[in-house]
Amino acid sequence: MMVRTTVAFEGVSELILEKAVQLGLARSRTEALRMGIFALNKEYNLVKDIEQELLAARERLRKKARFRADLSRAEKDKLATDLMKSR
258 MMVRTTVAFE
268 GVSELILEKA
278 VQLGLARSRT
288 EALRMGIFAL
298 NKEYNLVKDI
308 EQELLAARER
318 LRKKARFRAD
328 LSRAEKDKLA
338 TDLMKSR
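Numbering (the working numbering), first residue to last: 258 to 344.
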């Protein structure tokens with residue numbers, strides 16, 4: 258599972274990201290953001306069992322993909338049936 262997001266920072270947020278890179282804490286601003294995400298999880302224990310949560314998220318994605326595939330098949334079948342009826 259991958260999420261791509263474009264974010265713009267200015268002011269204090271930008272300064273913090275730049276300092277993290279300048280001081281060698283992170284190799285890039287992106288890495289500094291990742292570090293912040295992990296720090297957020299550590300502070301608030303948002304994801305308790307990371308492996309279990311990842312497996313559950315992957316399963317949700319698989320189910321969603323299967324649902325979409327089934328829906329597409331059902332839509333195609335309905336279109337074919339409607340086409341046959343209209344002839």
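Idealized CB from N, CA, C, for every residue including glycine.
All values reported here derive from a predicted model rather than from experimental measurement.
Ala-296 (DSSP reduced to helix, strand or coil) = DSSP places Ala-296 within a helical segment (H, G or I) once states are collapsed to three.
Distance, Cα to Cα, Arg-291 vs Arg-319?
-> Each residue's alpha carbon lies about 25 Å from the other.
Alpha carbon to alpha carbon, how far is Ala-337 from Val-260? Give it in angstroms, no decimals.
-> For Val-260 and Ala-337, the distance between alpha carbons rounds to 36 Å.
Measure the beta-carbon distance from Arg-303 to Leu-311 and round it to whole angstroms, keeping in mind my assumption that it falls under 8 Å.
-> Residue identity check: residue 303 is Leu in the sequence provided, not Arg. Incorrect: roughly 13 Å between the Cβ atoms, too far for contact.
Where does Leu-280 land, buried or exposed, given buried means 16+ other C-beta within 10 angstroms?
-> By the neighbour-count criterion, in which a residue is buried when 16 or more other Cβ atoms sit within 10 angstroms of its Cβ, Leu-280 is exposed.
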